[in-house]
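If you read the protein sequences in the order shown, they are chains V and U.
Residue 576 is where the first sequence ends in our numbering, and the numbering goes up by one at each step.
Residue 338 is where the second sequence ends in our numbering, and the numbering goes up by one at each step.
Idealized CB from N, CA, C, for every residue including glycine.
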Amino acid sequence: MHRTAPTHATHDELLLARLYGGDVDETERSRALDQMASCQDCADVFADLGAIAVATAALPTPPRPRDFTLTEADAARLQRRSIGGAIFDWLGRTKALGGAMVAAGLVGVVLVGAISVLGPGGGSAALDEQPVVDAPIAAGMSGSAAYDSASPALVQNGASQNGVVGAAATELGSPRAPQAASGGPSQPAGPATSGGAPQKLALSTEEPINSGEPILGPIAGGQGSYPGGPSASPFPSSGVAATSAAGPDVWELALAGFAGLAILGVLLLTVPHLAARRRA
Amino acid sequence: MADGRVVTDEVETNAGRVEDPGQKIDIALVGQAVRGELAAFNQLVVRHQDHLFALVYRLVPDRDQAADAVQEAFLSAYRNLSSFRGGSVKSWLGRIAVNAAMDIQRARRRRPSQPYPELEDESWQPAAARDVEPEHTAIAGEQSRVLAAALAALPFEQRNCIVLYDVEGYDYGEIARIMGVSVGTVKSRIHRGRLTLRAALAPARELFRG
Numbered sequence: 297m298h299r300t301a302p303t304h305a306t307h308d309e310l311l312l313a314r315l316y317g318g319d320v321d322e323t324e325r326s327r328a329l330d331q332m333a334s335c336q337d338c339a340d341v342f343a344d345l346g347a348i349a350v351a352t353a354a355l356p357t358p359p360r361p362r363d364f365t366l367t368e369a370d371a372a373r374l375q376r377r378s379i380g381g382a383i384f385d386w387l388g389r390t391k392a393l394g395g396a397m398v399a400a401g402l403v404g405v406v407l408v409g410a411i412s413v414l415g416p417g418g419g420s421a422a423l424d425e426q427p428v429v430d431a432p433i434a435a436g437m438s439g440s441a442a443y444d445s446a447s448p449a450l451v452q453n454g455a456s457q458n459g460v461v462g463a464a465a466t467e468l469g470s471p472r473a474p475q476a477a478s479g480g481p482s483q484p485a486g487p488a489t490s491g492g493a494p495q496k497l498a499l500s501t502e503e504p505i506n507s508g509e510p511i512l513g514p515i516a517g518g519q520g521s522y523p524g525g526p527s528a529s530p531f532p533s534s535g536v537a538a539t540s541a542a543g544p545d546v547w548e549l550a551l552a553g554f555a556g557l558a559i560l561g562v563l564l565l566t567v568p569h570l571a572a573r574r575r576a
Numbered sequence: 129m130a131d132g133r134v135v136t137d138e139v140e141t142n143a144g145r146v147e148d149p150g151q152k153i154d155i156a157l158v159g160q161a162v163r164g165e166l167a168a169f170n171q172l173v174v175r176h177q178d179h180l181f182a183l184v185y186r187l188v189p190d191r192d193q194a195a196d197a198v199q200e201a202f203l204s205a206y207r208n209l210s211s212f213r214g215g216s217v218k219s220w221l222g223r224i225a226v227n228a229a230m231d232i233q234r235a236r237r238r239r240p241s242q243p244y245p246e247l248e249d250e251s252w253q254p255a256a257a258r259d260v261e262p263e264h265t266a267i268a269g270e271q272s273r274v275l276a277a278a279l280a281a282l283p284f285e286q287r288n289c290i291v292l293y294d295v296e297g298y299d300y301g302e303i304a305r306i307m308g309v310s311v312g313t314v315k316s317r318i319h320r321g322r323l324t325l326r327a328a329l330a331p332a333r334e335l336f337r338g
């Protein structure tokens, strides 16, 4: 009696193949056996798989067309070739190394270039930033005027006393201005002794602004000096010089290094190839 | 050569642990070949060339390409004798031959050509035994022809796994190592390949149901 189940199309033939391959657990095994017991088509699939596997193993093969033993000449050629193979291996490694160097060099050049142009500590950014802060000093402006001008509120409060903020406030549309604005009123320049300008701008709002006393410190009029001496000045002219002298050097060196790496990689990639072509 | 000496010692130590006499002979021959004796290597070739050709022909059903692959496998084995670290020489040579066959299969996939003209050539079919019925011989020949054609039409990944498992008797783990895939992938390829074979052989199913 043919036990073909109308639902054979829904039966899992892969499960039967896995059963034949011994690749089932106990649950799957009993499910597969149930499937075969209830469905003649499934039983046929299983039987066919077995028959095909047996026939595959028994497939005849054509006679070997030739003898594959090696001659003395083959052996000698293989010895020579093994030296050549070593060279090819070396060239292969050189190629990979050259490619990696080119890639690393180009990535480095792009990154260093991008950082030096856009980055917060980048060379040109530092150069752009520092002179803006120093400009009032260079022009003989009071230190407080320079700080006041960083905050719009301070511009209003301090304008009456200092009267010099307009130009500086306009000028300080630099990245430092928002920081100053969030820091609130400025500190008199006089007591400032160390650190960079941004830290000096972050002051407490509880301090009175323009309490009547002149907020000009010792550098008022551009003639004074800081209490801590020249080295304590928040705007050391030597610091500006150091930034502009050391910063670009580092970036330029890095840029040159990465470019050199890329060029060396290109040489590693091309020279062996060109040499081989010349030999050929 | 110091490295060769170490390898030879290792090979000979392994030979002492091997029970199978055929394998002992193989390992001893490898040891001599490592020392530079070409004659010893050629004895290995003679011992295994029929088996390797049969194996590779199943994977690359083109007699010329299969022969090229086997020759390349023996050349590669000679070049890399020092990489043999004991175990079955037959399996080691088999792995090298399968790799050579797979190189040809990949090249063939890149440059498709008329697939397997050998299947049409029956001149190599083994002669029937005298006491076998001619009808039975004819059926067996037809069965082999359609099965070989169906096998050759399988994706080579599935074909390789089926041949290595059903014909060569490698286990799943060995096939996975040879093919560079996971055991699960090997199993899946074998199961799916068998089902594909069955579907391809549907018109000739009666040949296999005896």
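Cα-Cα, which of U:Gln233, U:Ile267, U:Ala205 is closest to tryptophan 220 of chain U? Counting from one through the second sequence, the residue named residue 220 of chain U turns up at place 92. With distances taken between Cα atoms, tryptophan 220 of chain U lies closest to U:Ala205.
Counting only the same chain and skipping the five closest in sequence on each side, list residues whose C-beta sits under 7 angstroms from that of threonine 352 of chain V. For the purposes of this step, residue 352 of chain V is identified with residue 56 of the first sequence, where counting begins at 1. Counting only Cβ-Cβ distances below 7 angstroms, and skipping sequence neighbours, we find nothing.
Proximity to serine 412 of chain V [Cα-Cα], best of V:Ala347, V:Asp308, V:Leu549, V:Gly395: Translated into the one-based positions of the first sequence, residue 412 of chain V becomes position 116. Serine 412 of chain V has its Cα closest to that of V:Leu549, out of V:Ala347, V:Asp308, V:Leu549, V:Gly395.
Considering only their Cβ atoms, is the gap separating arginine 326 of chain U from aspartate 344 of chain V smaller than 7 angstroms? Residue mapping note: residue 344 of chain V aligns to position 48 of the first sequence, counting from 1. Residue mapping note: residue 326 of chain U aligns to position 198 of the second sequence, counting from 1. Yes, the Cβ-Cβ distance between aspartate 344 of chain V and arginine 326 of chain U is below 7 angstroms.
Give me the chain U residues within the contact set of valine 341 of chain V, using Cβ-Cβ distance strictly less than 9 angstroms, ordered along the chain. Numbered from 1 along the first sequence, position 45 holds the residue referred to as residue 341 of chain V. Correct list: Leu323, Arg326.
Just reading off the alpha helix (DSSP H) that glutamate 324 of chain V is part of, what are its end residues? Taking the first residue of the first sequence as 1, we reach residue 324 of chain V at position 28. Here the alpha helix (DSSP H) through glutamate 324 of chain V covers 322-334.
Sub-7 angstroms separation of glycine 561 of chain V and valine 403 of chain V beta-carbons: As a working note, residue 561 of chain V is residue 265 in the first sequence. As a working note, residue 403 of chain V is residue 107 in the first sequence. No, the pair does not count as a contact, with Cβ atoms beyond the cut-off.
Measuring CA to CA, which of V:Thr357, V:Met332, V:Arg314, V:Thr365 is closest to glutamine 171 of chain U? Here residue 171 of chain U corresponds to residue number 43 of the second sequence, with the count starting at 1. With distances taken between Cα atoms, glutamine 171 of chain U lies closest to V:Thr365.
Could you list which residues in chain U have their beta carbon closer than 7 angstroms to that of glutamate 309 of chain V, in chain order? Sequence index remark: in the first sequence, residue 309 of chain V carries index 13 (1-based). Result: Leu323.
Please identify the residue among V:Ala372, V:Trp547, V:Ala328, V:Ala400 whose C-alpha is closest to the C-alpha of leucine 557 of chain V. Within the first sequence, numbered from 1, the residue matching residue 557 of chain V stands at position 261. Considering only alpha carbons, the answer is V:Ala400.
Here's the rule: buried if 16 or more other CB atoms are within 10 angstroms of the residue's CB, otherwise exposed. What is proline 358 of chain V? In the first sequence, counting from the first residue as 1, residue 358 of chain V sits at position 62. Classification of proline 358 of chain V: buried, given that the 10 Å Cβ count is 16 or more.
Counting only beta-carbon separations shorter than 7 angstroms, does glycine 317 of chain V have a partner in chain U? Along the first sequence, read from residue 1 onward, the residue named residue 317 of chain V stands at position 21. Yes, glycine 317 of chain V lies at the interface with chain U (some Cβ there is under 7 angstroms from its Cβ).
Best match in V:His304, V:Val567, V:Arg362 for proximity to cysteine 338 of chain V [C-alpha to C-alpha]: Residue mapping note: residue 338 of chain V aligns to position 42 of the first sequence, counting from 1. Answer by Cα proximity: V:His304.
Can you give me the Cβ contacts of phenylalanine 181 of chain U inside the same chain, cut-off strictly under 6 angstroms, excluding the 5 residues immediately before and after it? For the purposes of this step, residue 181 of chain U is taken as residue 53 along the second sequence, with counting starting at 1. Contacts found: Val198.
Anticipated Cβ contact below 8 angstroms, leucine 209 of chain U with valine 162 of chain U, distance rounded: Sequence index remark: in the second sequence, residue 209 of chain U carries index 81 (1-based). Sequence index remark: in the second sequence, residue 162 of chain U carries index 34 (1-based). That belief holds up - the Cβ atoms of leucine 209 of chain U and valine 162 of chain U are roughly 5 angstroms apart, short of 8 angstroms.
Between the beta-carbon of alanine 328 of chain U and the beta-carbon of alanine 276 of chain U, is there less than 7 angstroms? Sequence index remark: in the second sequence, residue 328 of chain U carries index 200 (1-based). Sequence index remark: in the second sequence, residue 276 of chain U carries index 148 (1-based). Not in contact: alanine 328 of chain U and alanine 276 of chain U (Cβ atoms no closer than 7 angstroms).
Beta-carbon within less than 6 angstroms of isoleucine 232 of chain U's beta-carbon, same chain only, minus the 5 sequence neighbours each way: which residues are those? As a working mapping, residue 232 of chain U is identified with position 104 in the second sequence. Once the five neighbours on either side are set aside, the close Cβ partners of isoleucine 232 of chain U are Val188, Gln193, Ala197.
Chain V contact for alanine 182 of chain U (CB, 7 angstroms cutoff): On the second sequence, residue 182 of chain U is found 54 positions in, with the first residue counted as 1. So yes, alanine 182 of chain U belongs to the interface.
With DSSP as the reference, label phenylalanine 212 of chain U as helix, strand or coil. One-based indexing of the second sequence puts residue 212 of chain U at position 84. Phenylalanine 212 of chain U falls in the coil class under three-state DSSP.
Does leucine 564 of chain V come within less than 7 angstroms of chain U when only Cβ atoms are used? Taking the first residue of the first sequence as 1, we reach residue 564 of chain V at position 268. For leucine 564 of chain V, the answer is no, since every Cβ of chain U falls outside 7 angstroms of its Cβ.
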